[in-house]
Amino acid sequence: MLESSIHEQMQRYNDVCPNPYEDNVYNIEVADHHTYFVGHDAVCVNATNS
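Numbering (my numbering), first residue to last: 1493 to 1542.
See the structure below:
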C-alpha cells in the first residue's frame, strides 16, 4: 500500500462510541514516534499529549 493511499483512507473519530463487546486493550508507546500503524489493517495511531 502506498503512503498516499493510506492517507486517502484515514478517518478521524472524535465521538465516544459504545462498545458492544469486551476485549483486551493495550496502552503502548513507541519511542520517538508519535504516529504509527497498528495491526493487520494498518490502523493509523497518532499519540498526542493532551
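Ideal Cβ placement from N, Cα and C applies to all residues, glycine included.
- Under the three-state reduction of DSSP, Val1508 is assigned to coil, being neither helix nor strand.
- In the three-state reduction of the DSSP assignment, Val1517 falls in the coil class.
- The beta carbons of Phe1529 and Val1535 sit about 7 Å from each other, so the pair counts as a contact at 8 Å.
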